[in-house]
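> Sequential numbering of the sequence shown, starting at 121, is according to my numbering. From the three backbone atoms N, C-alpha and C, an ideal C-beta is built for every residue, glycine too.
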Amino acid sequence: MTAQSIDLVLLPGDGVGLEVVDAAMQVAKAVESQFGLTINATTLLLGGAAIDTHGTPLRAVDLERCNQADAVLLGAVGGPKWDDPSAKIRPEQGLLALRRGMGLYANLRPVKVMPALVDRAPIKPHLLAGVDIMVVRELTGGIYFGRPRKTWRERRGRVAVDTLIYREYEVERICRLAFDLARTRHGKLASVDKANVLDTSRLWRSVATGLAAEYPDVSLEHVLVDAMTMHLIQGPARFDVIVTENMFGDILTDEASVLAGSIGLLPSASIGATRSRNDDRRRGVFEPIHGSAPTIA
């Protein structure tokens, strides 16, 4: 990317994704004319649309193109047409492949309550005053990516297994990013886990605690995930940066979206490591957190 030229890849996907990306490009065009930029945008298929056209939710050649771009704008994937959870090829596989293939290990989800939208949230207004949270969700590990993952039949019926796995380096890099973000905000970090039950969470807590010594200016607290589901409703304003694993982050941010008024209002940025030693830019995919909402597309 130069100061005058930006290379974008657009992945509208399915449902309202096409409308969301179209609206984003209207804003991009306004920025282009206002600041003298040149935005070069390439539209590719993802999700159900890619399955219908190419027989796969994300082609390898399209993933490579995304890796070359300055940024990727994504709409949403999925819909009733491809809604069979037992199907071997599903739209969501394209999204997971995109995250893994671009090395997007961190998902940043800001939750900020706009005063004009307070009456849209189903929460008492006095609880929403000052809510400004950054949720940092680990994005390429955990139960969504663990192996083995399979279903089989035994004498007494069907059996299924999903594997929840985290490696130390995966936990360290996401927690370090969260600490760095907290340092630029209000200096508070809440690490969410289930350390009273899960070995992966005990590893998570140990790594986060170890890193805290490098960040004396950041206050670290550990919160069990079930307690956090209550705290987000009872006292969300006390949180600054929240870091957590993949599935917990997925669920908690959908819950937190009601603070802002609607799941349709929350944006997200999925980012990875810097591109090279001489290029400190990070690959990134920018998208809303909602789904394809086919009934209102």
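(1) Check each candidate in Val-256, Pro-200, Asp-190 and Leu-224 and name the one with the smallest Cα separation from Arg-401.
(2) Could you say if the segment 323 to 340 and the segment 220 to 232 meet the contact criterion of at least three C-beta pairs nearer than 8 Å?
(3) Return helix, strand or coil for His-342, following the three-state DSSP convention.
(4) Locate the alpha helix (DSSP H) running through Asn-316, then write down its first and last residues.
(5) Given a cut-off of 8 Å, decide if His-342 and Ser-311 are closer than it, judged by their beta-carbon atoms.
(6) With burial defined as no fewer than 16 other Cβ atoms inside 10 Å of the residue's Cβ, what is the status of Arg-336: buried or exposed?
(7) Beta strand (DSSP E) containing Ser-390: first to last residue?
(8) Report the three-state DSSP secondary structure of Ser-326 (helix, strand or coil).
(9) Could you tell me which residues DSSP pairs with Val-231 in its beta bridges?
(10) Touching or not, the segment 355 to 363 and the segment 239 to 253, by the rule of three or more beta carbon pairs under 8 Å?
(11) Using alpha carbons as the reference points, say which of Val-363, Ala-150 and Leu-259 lies closest to Leu-419.
(12) Taking the straight line between their C-alpha atoms, what separation do you get for Tyr-286 and His-410?
(13) For Gly-261, which of His-174, Glu-290 and Leu-309 has the nearest alpha-carbon?
(14) Would you check if the segment 131 to 146 and the segment 180 to 200 touch, i.e. whether three or more CB-CB distances between them fall below 8 Å?
(15) Can you say whether Leu-386 is buried or exposed, counting buried as having 16 or more other CB atoms within 10 angstroms of its CB?
(16) Under the three-state reduction of DSSP, which class applies to Val-197: helix, strand or coil?
(17) Compare the C-beta of Leu-301 against all C-beta atoms of chain C and say whether one is closer than 8 Å.
(18) I'd like the list of long-range same chain contacts for Ser-125, defined as Cβ closer than 6 Å, with 5 residues on each side in sequence excluded.
(19) Could you please give me the residues that DSSP links to Ala-191 through a beta bridge?
(20) In three-state DSSP terms, what is Arg-185?
(21) Determine the direct distance from the alpha carbon of Ile-383 to that of Arg-293, and round the result to whole angstroms.
(22) Find the nearest neighbour of Glu-212 within the set Asp-134, Val-281, Ala-161 and Gln-146, judged by alpha-carbon distance.
(23) Could you round the C-beta distance between Asn-227 and Ser-396 to whole angstroms and report it? I think they count as a contact, below 8 Å.
(24) For Gly-418 and Asp-182, what's the separation of their Cα atoms in angstroms?
(25) Looking at the unbroken beta strand (DSSP E) that takes in Phe-406, where does it start and where does it end?
(26) Beta-carbon within less than 6 Å of Thr-163's beta-carbon, same chain only, minus the 5 sequence neighbours each way: which residues are those?
(27) Output the distance between the C-alpha atoms of Met-121 and Asn-398, rounded to the nearest integer angstrom.
(28) In the DSSP assignment, the alpha helix (DSSP H) including Ala-280 goes from what residue to what residue?
Well, looking at it:
(1) Here residue 401 refers to the residue found at position 281 of the sequence shown. The option with the nearest alpha carbon to Arg-401 is Asp-190.
(2) Touching, no, given that fewer than three Cβ pairs across the two stretches are closer than 8 Å.
(3) As a first step, residue 342 must be located in the sequence shown, where it is residue number 222. Secondary structure at His-342: strand, using DSSP grouped into helix, strand and coil.
(4) For the purposes of this step, residue 316 is taken as residue 196 along the sequence shown, with counting starting at 1. Counting along the chain, Asn-316 falls outside any alpha helix (DSSP H), and DSSP gives it neither H nor E.
(5) Against the sequence shown, residue 311 aligns to sequence position 191. Against the sequence shown, residue 342 aligns to sequence position 222. A contact, by the Cβ cut-off of 8 Å.
(6) Taking the sequence shown and counting its residues from 1, the one referred to as residue 336 is at position 216. Checking the sequence, you will find Pro at residue 336 rather than Arg. Residue burial is scored here from C-beta neighbours: Pro-336 has fewer than 16 other C-beta atoms within 10 angstroms and is therefore classed as exposed.
(7) In the sequence shown, counting from the first residue as 1, residue 390 sits at position 270. Segment 387 to 396, the beta strand (DSSP E) holding Ser-390.
(8) Counted from its first residue, the sequence shown places residue 326 at position 206. Looking at Ser-326 - three-state DSSP - the assignment turns out to be helix.
(9) Residue mapping note: residue 231 aligns to position 111 of the sequence shown, counting from 1. Ile-253.
(10) Segments in contact, yes.
(11) The shown model of the chain, from 121 to 417, leaves out residue 419, and the question about it has no answer.
(12) The residue given as residue 286 occupies position 166 in the sequence shown. The residue given as residue 410 occupies position 290 in the sequence shown. Straight through space, the alpha carbons of His-410 and Tyr-286 are spaced by roughly 26 Å.
(13) As a first step, residue 261 must be located in the sequence shown, where it is residue number 141. Comparing Cα positions, the closest option is Glu-290.
(14) Yes, since at least three Cβ pairs between the segment 180 to 200 and the segment 131 to 146 fall closer than 8 Å, the two stretches touch.
(15) For this step, residue 386 is matched to residue 266 along the sequence shown. Looking at its Cβ environment, which holds 16 or more other Cβ atoms inside 10 Å, Leu-386 is buried.
(16) Stepping through the sequence shown from its first residue, residue 197 is reached at position 77. In this structure, Val-197 counts as coil in the three-state DSSP scheme.
(17) In the displayed structure, chain C is absent; only one protein chain is listed.
(18) Within the sequence shown, the letter at position 5 stands for residue 125. Cβ within range, chain order: Thr-158.
(19) Counting from 1 along the sequence shown, the entry for residue 191 is found at position 71. Paired residue(s): Leu-128.
(20) For the purposes of this step, residue 185 is taken as the residue at position 65 of the sequence shown. In this structure, DSSP gives Arg-185 a helical state, which the three-state scheme calls helix.
(21) For the purposes of this step, residue 293 is taken as residue 173 along the sequence shown, with counting starting at 1. For the purposes of this step, residue 383 is taken as residue 263 along the sequence shown, with counting starting at 1. In a straight line, the C-alpha of Arg-293 is about 28 Å away from that of Ile-383.
(22) Sequence index remark: in the sequence shown, residue 212 carries index 92 (1-based). Nearest option by C-alpha distance: Asp-134.
(23) As a working mapping, residue 227 is identified with position 107 in the sequence shown. As a working mapping, residue 396 is identified with position 276 in the sequence shown. Contact annotation, Asn-227 with Ser-396: C-beta distance approximately 22 Å; criterion of less than 8 Å not satisfied.
(24) In the structure displayed, the chain extends from 121 to 417; residue 418 sits before or after that span and is not available.
(25) If you number the sequence shown from 1, residue 406 lands on position 286. Taken as a continuous stretch (DSSP letters only), the beta strand (DSSP E) holding Phe-406 covers 399 to 408.
(26) Within the sequence shown, numbered from 1, the residue matching residue 163 stands at position 43. Non-local beta-carbon contacts of Thr-163 in its own chain, meaning distances under 6 Å to residues more than five positions away in sequence, involve Leu-130 in chain order.
(27) By 1-based counting over the sequence shown, the position of residue 121 is 1. By 1-based counting over the sequence shown, the position of residue 398 is 278. In this prediction, Met-121 has a pLDDT of 47, which is less than 50 and means its spatial position is unreliable; what the coordinates show is noted afterwards. Roughly 14 Å separates the two Cα atoms.
(28) Position 160 of the sequence shown, counted from the first residue, corresponds to residue 280. No alpha helix (DSSP H) contains Ala-280, which is instead part of the beta strand (DSSP E) from 277 to 281.
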